[in-house]
Structures are given as structure tokens and as C-alpha cells.
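Comments concern the structure below.
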Amino acid sequence: MWNRERWLLGVAAAGALAGAVWACGPDFPSQLLSDRAATFAATPVNTFAYEAMHLRTASDELKAHEAPAGETREQAPVSPLDAGLPAEQLALLGKMAPAATGDEAYAAGAGLPEAIRLYAAAAIELHQAGFGCAHAADDAGDEPATEVQAHTCAAQVDPQRLGRAERRLYDLLALPPAQARQRAVAAAYMLGEIGLRQFADCGNCKPDDRMATIRGHFAQARVLALQGAPDPQGLAVASYGEEARLYLRAGGPVNDGSADGPFCRWQGFVAGGACPATIAPGNYARAMGLYAEQAARDSQSGVESLRHLSGYAFGHPDLLAGLLDDSLAQRALVAYALAYSADRGAEDAASDDTALGRDRLAALVAAIEQRGLSRVEGADRLAALAYRSGRYELAATLSGRQSGPLSSWVQAKLALRKGDMAAASTAYAQAIRAFPATGEVPGIEPDGVDRLHGEQGALSLARGEYVQALEQLWNRADVWWGDVAYLAERVLTVDELKHFVDTRVPASTAMMQAPEGEASYAYTDGQVGRGTALRELLARRLMRAGRYRDAFGYFREPAAEGAAPTAPTSADDGETPPPQRHRVWAQQYADALQRSESAWTGIGKAEALFRAATIAREHGMEILGYEADPDYYALDGMYQGGLGQDTAKVGAYLTQGEHDRFVASAAKPPRRFHYRYLAADEASRAADLLPPRSQAFAAVLCKATGWMLQGPPDYGDQFGGFGDPKPTALPERLQRAEALYRRYVEQGAYVSWAGQFGRSCEAPDFDRARTLLRQQRIAHVRHLAGHYRWYLVAGALLLLIGLGAVLRRRRRPG
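FYI, our numbering numbers position 104 of the sequence shown as 402, with every residue one higher than the one before it.
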């Protein structure tokens, strides 16, 4: 009847099933405090894209308009330029599209504005000439042409049709400015493109014969756009990149297919072809300058072009050496080296198999140093590169030559290498103060600013300045929430945190919803602002400390009266409960515990304790749970790990004071979903106050057993990690379940659902327990009366005799 082996088999199966669902997790937050030595040693760096877009300062308001990644600007008879035209004009353009020649198209477009008519006729001529296909073939590099391309591009671009298109575009630009403006930018740009094609196909042309004209067309496109001519495709900015192609000319014979006439194909830069290595360094640098102008106007195409040119140069030392004499090219190469070095700093390098090693960085630094540091522009960037390559004295020299946030950041790193935390703290403060006024370009991109603030907070923690560390990290809480939560939950005392929240995050300013568009790794906290998240973290700490009345005000307001009721779910069940109920549950829990002490009867106390236990089990995550280890409220309890710290693994920069505070603030017990253990303990205490043979006793213990059986388990319960053997002992959670079950077997009465003990339980009936207790007491009294009746009779007789003696004495006179 009491099959312990079968019951334990069920327990083991439940544990195995619970552990089988953990395979992946969310996008866990970045944390600076997990490896502090690496955090402080990492090189200050911007992404290459940020640096590329700031190599030049745009002197005008032109901005790029580029297609999303993977798409290209179409060369088609009907241009996207026509999107805003009236329906009747679009209909006329539709009649022009099937034309076989530009003349036919022009005739079919009678009634259109002259500029639109001329441009559309020129586009037909270009299409028939195979011009668009020639560009597609150039862009494709060595990739095979499609069937359509093979048919259309079987012959070389038709020079006669190309010439006719060119004349129509010249005619367009010759119109009065008011008539030409609708297509003026596109016409000038396309004349430059035609010139490039003609240059590529002209075997005996001298560069100087063509280049000035082509540059003039691209420059004209930019001037017209600045004068207000429509440029919905961003051709004015794109013209910088097309002009740059003029300088990417082969300087010698190329036989590997990486050249298109005199120009190097892009495939050569990407795949390491021979053509780019033959380009004169001066021309290479001029091309980089034009791509920098394009990138400065928010062009990702310009950024990618600079990335490919810089990357190619690092694979060709002679070309690299020649480029270092040009200041802009030198700065681009330094930016590339920083972004693609094998260090923390660069996200660029994280997925790049060709990340630059320290030897190549050192060689670049030495080559620049050899040319004279007095000629260096961007000394702060070179200081960071010198630091990364191990040239610490040079880094100190360079960082002192140019003031600014990046230089101060490098100086902080150098001070930390020497163990001078005070100097490092000063340098971090200088770096943060050094950011320019609004409107000026900062020397560090936004992600770097977040990192700088985070490192400043990490250093304050290493110096034992706990509240200041939280203050500094709080400025970037959306980025470093894991570190903020660690400080708030495990390092600061409850009173320190309460003071911080009261002064910095009052309820009136705590955001109830996360900012629109905020990307958050968190599930629960990601739905609210960080102010609310920190207030509720404090509320749960106060609840765990037994300061219930203090805690209530830090939970969010309950739902408005009349709101629809919600099912009592808990975050650790995989469903996020309505957050506005947190305060209600906290109040109910505190009230239940108070009644468990003030009730007049033992069963009344037991009922209140079980009520508290039930609330702790169902809503413990929301009112008692740790933000990180061991409950992971920030992740809705769905994952174990990815947030918080373990001081045993932190290593360097850990003070004894921090360790002591960490230990003192640990969960009790330090187990996954620790509040379930609290709930089971409260239920067990309730059972202490109940008649062991009552249904309520069995039901309370059954519920508590079930709470211990329910997963998920601690990772350590299920398997070893990183080579450790799998644990063989029964985990504490299941040991407690077994002890609760054993107590029922030894003390409780049989119930019909005992075979599913811990898995299918009746609700405890406390009224029946009261009835049973009264019956037990009456039976006990009757038992005593029957067993000791002669003693009772004798006692009664003696009492009567004594009473009679007293009465006689009182009647006796005087």
C-alpha cells in the first residue's frame, strides 16, 4: 500500500522530465563585472563604421538614400524617379517603355514635360545598349550570368546607342533650369556613368583625356542637388563613390580577371585579386578620400567601400606602406586595425576570421612612428592602437598629445596596468567630462560611451565605493542591467539601496513602460522602465528581510477597481502574471504571516501559514524572487544563468567587503526558485499545528511535497558542467520531498489519493480538522474519566468531607 520505491521512481522521472527542456536561452545581457580583468584590459575602440563616417566632415547637407542591404538601385526604363508623377504622365511613360529606340520612345512621350521625356528616351537607349547589364556583370565579379543576362549581354555595350543616350542627357541639361530640374541630378549622374563605361571600353584612351569630364559630371550632380533639384535616389552622394572608381585603375597588366578594362573590379578587393595591388598608392588614397566623403553623408556603401579597401591594404605590405603618407588613409587604416584586432573591443572582429594579430598591429604602429609622430592626425586613435599592440609607453605619449575622451580612456587603462586605481578613477572622470557640447561630433560612439560609464562603475566597485558604483552604472542601466541588479541585490545593504531608490528613483519618475523601441533581453523587466524594475527589486529585498510594510510602496499600484480578474499564475510557470497585482499579493502574504502569529488557535495559525505558503509558491517570483541568481526574475525564471555574478569566479578586482556582502545577501536556501523551499517550510510548520490524523495534515504535506517535486531543478541537480561528473546523490529538492512524504507515512492517516501523493492533492479542509480536534479532545476526556473513575469518586468524597468540616466549624459559637 505504501510503495516507497514506486513513489521515488515517480520522483526521479519528474526530475528528469523537468531537466529536459533547457536547451537555449534569450539574448542575455552584456556584463562588465563577470571578468573584471578583461574588462579593464580591453582596448577602447569604436566600430569601423563609426570611424569611417567621421574621417571627413560633410561640408553640405547632402544625405545618402540607399536601398536596404541585398538590394541595388535599378536601371530600368521607368525609373523610381517617376513615383510621384500624375497618373496621365505615368500612362505616357508606360507607352514609351516598349519602344525599340530612343527616337520611338521620345515620339510616344509627346505631352510629357521635356526633361522627363528626354530622360526616359535616354533610359530606353541605355537599356537597349546593354548598359545596365554591363554594370550588373561588373558587380557580379566572377559569378556566372543568368540566362537573361547571357542573352542581353552577349555583345559589348553598343557605343552608338550609348552616344545617342548621352546626347539626350546633354539636351536635358541644356534646358532652362526650371524645366530641367526634375531630372537634372539624374542626367548629370548618368553622364558620369556613361563616361566611366566609355573609359573602360576605350583601350587607347589616356586617363587625363576622360577623367576631368567624368569628374565634372559627378560634381555637377552634387551642385544641382544642393541647388534644390530633386534627388530622391541620393545620386548626388552616390556620385562620390562612382568618382572614386576613376582612381581604382590598374597600374600594370592583370591576368586573373580582377580588372574591367583599366578599372579594378570589386571582386578583386573582396577576394584578394591581383588588380588592386597594382593601383598607385596616391590614387588608392584619393579613392579612399572620396569614399570618406560618401560615408560622411551617412552612406553605408561608402563605409563598406572603405572597409574593403582598408582590409585589402593590410594583406599587401607595399601598398600599405605607400598609403601611410596620406593622413586620411592612415587614419582609416588605424581605425580598421583597431576594429579588426583580436580584442574585446571590436564587434567587427567578433565574426571575422581574418582578425589582425598583435604583430601586424605593432608593425603598423612602428611604420607610422617611423614617419614622425608630429605628422600624426588622430593621436588618440593611434594611442589606443599602441595600447592594443603592447606599446604602452608610446600610448602614454600619444594620449598626452590630444585631449579628449578617448585619450583619457587610454590613460585610465594605462593607470590600471600600473595598479594605480586613484589615477585611473581620475582619468575615467576626465573622459566622461570631455564629451563635447551638443552639436559637436564626439570622439567615442554611443556604445563606447555606455562602456566608458560602465567601466567607471566597475572601478568604483573595485575601490569599495559601492553606492557610487551603482550611481555610475545606473546612468547606463538599460545597457548594464545585469551589473546594476547585482550591485542592488547582492552588494548594497537594504538600507543603502532604499536610500538610493528614494533619492534617485522616486515613484513619480519611475517609468511604467519601457521606452518605445527599447531592445531588451529581459522578459519581465523588459516590459517596464528600469526605474520601476529597480523599485520592485528593492521591494522584493524588503519582503525577504521581513520588512513587509516598508516593501508595499515600492511595488506598482494594483489594478484599477473593476479591472478584469486574472488567473493566479506565476512567472516561474512560464506565464507572466499581470504586474499590477504584485502589491496585492505582497499584502496578502504579509497579512497571512501576521495571522499565523496572532490567531487564537493552533489550527487558525496553521490555516494562515498554509495561506502564506500558497501565496509564496504561486507568486513568490513576483514578491520574493531574486532578480538574478537563484530565481532570475529578470528572465521570468525561464533560464538559469546569464545574469548576476559569482564572487568565487570573479578573480581580480574583488574586495573582501564585496565578497562579505555577497555572502550575506545570498538566498536562503541558495536554491533555484528558493521561495518554493520557503513555501514548503511554511507548509511543514502548518502541519506541525494540525492533528496528524486529519485530512488537512495529509493535504498540507501533499501540497508541500508537490512543490518540491515540481521543476525545473538546479543545473547541479542534473548534470556536471565543463567536465565535472554528473552528481549521483539525490538532490536536496527531492530529499525534502521524500522527507515530507515519509512524515505523512509515519504520522498521517490513509487518504484515497495517497497513491498520487505530491502529484494530485486535495485542498486541506481546516474545518474538518477543527471538528476532528474537538472529537479527539472529547474522546480523550472520556478516556480519562473511565480509566480513573474510582480515584475521582474517592476524591469527590474527600472533598465533601472537608467541606462539611469547614461548615461545622463556622457554626460553632465564639
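Glycine included, every Cβ here is placed at the ideal spot set by N, Cα and C.
- The Cβ neighbour count for His972, taken over all protein chains shown within 10 Å, is at least 16; the residue is labelled buried.
- According to DSSP, Cys562 shares a beta bridge with Ala557.
- Look at Leu654 here: in three-state DSSP terms it is strand.
- In the structure shown, the three-state DSSP call for Arg354 is coil.
- Straight through space, the alpha carbons of Arg983 and Ala904 are spaced by roughly 7 Å.
- Cα atoms of Gly1093 and Glu1030: separation of roughly 56 Å, rounded to the nearest angstrom.
- Its chain contains Tyr545 as the residues whose beta carbon lies nearer than 6 Å to that of Asn581, once the 5 sequence neighbours on both sides are disregarded; these appear in chain order.
- Here the C-alpha atom of Cys573 lies approximately 48 Å from the C-alpha atom of Gly940.
- Judged by beta-carbon spacing, Arg513 lies within the 8 Å limit of Glu541, meaning their Cβ atoms are closer than that value.
- Under the DSSP assignment, Arg845 falls outside any alpha helix (DSSP H); it carries neither an H nor an E label.
- Under the Cβ criterion (8 Å, minimum of three pairs), the segment 791–802 counts as touching the segment 833–841.
- Cβ-Cβ distances below 7 Å link Val998 to Phe908, Ala981, Ala984, Ala985, Leu988, Pro1062 in the same chain, with the five nearest sequence neighbours on each side left out; the list follows chain order.
- Counting every other CB atom within 10 Å of its CB across the protein chains shown gives His1085 a total below 16, marking it as exposed.
- Contact between the segment 614–624 and the segment 384–391 is absent: fewer than three C-beta pairs spanning the two stretches fall below 8 Å.
- Between Arg974 and Gln1033, the alpha-carbon positions lie close to 14 Å from each other.
- Close CB contacts of Ala578 within its chain, under the 6 Å cut and outside five residues either way in sequence, are with Gly549 (chain order).
- In the DSSP assignment, His363 falls outside any alpha helix (DSSP H) and carries neither an H nor an E.
- Here the segment 659–673 makes contact with the segment 627–636; the two share three or more CB pairs at distances below 8 Å.
- Per DSSP, the beta-bridge partners of Ser639 are Leu654.
- Using a Cβ-Cβ distance cut-off of 8 Å, the segment 330–338 and the segment 684–695 are not in contact, since fewer than three pairs of beta carbons, one from each stretch, lie closer than that value.
- Following the DSSP letters along the chain, one finds Val765 inside the alpha helix (DSSP H) bounded by residues 764–772.
- In the same chain as His957, and ignoring 5 residues on each side of it, the C-beta atoms closer than 7 Å to its own belong to Thr945, in chain order.
- Inclusion of Asp596 and Lys361 in the CB contact set at 8 Å is warranted, their separation being smaller than that value.
- By the Cβ-count criterion, Lys716 is exposed, with fewer than 16 other Cβ atoms from all chains shown falling within 10 Å of its own Cβ.
- Leaving aside the five residues that flank Ser697 on each side, the residues in its chain whose CB is nearer than 6 Å to its CB run, in chain order, Ala681, Ser705, Val708, Gln709.
- With fewer than 16 other beta carbons inside 10 angstroms of its own, Trp898 counts as exposed.
- Beta-bridge partners assigned by DSSP to Arg547: Phe561.
- In this structure, Tyr589 lies away from Gly571, with their beta-carbon atoms at least 8 Å apart.
- With respect to Tyr538, Glu591 sits close: the two C-beta atoms are nearer than 8 Å.
- Going by beta carbons, Thr345 and Glu743 fall inside the 8 Å limit.
- Scanning Glu763, Leu1097, Arg1057 for the CA closest to the CA of Gly955 turns up Glu763.
- Per DSSP, the unbroken alpha helix (DSSP H) holding Cys1000 starts and ends at 993–1007.
- Judged by DSSP secondary structure, Val799 falls within the alpha helix (DSSP H) whose first and last residues are 792–802.
- A residue is called buried when at least 16 other Cβ atoms come within 10 angstroms of its Cβ; Thr511 does not meet this threshold and is exposed.
- Shown here, Glu359 sits in coil according to DSSP, grouped into three states, outside any helix or strand.
- In this structure, the straight-line span from the alpha carbon of Pro968 to that of Asp927 is close to 8 Å.
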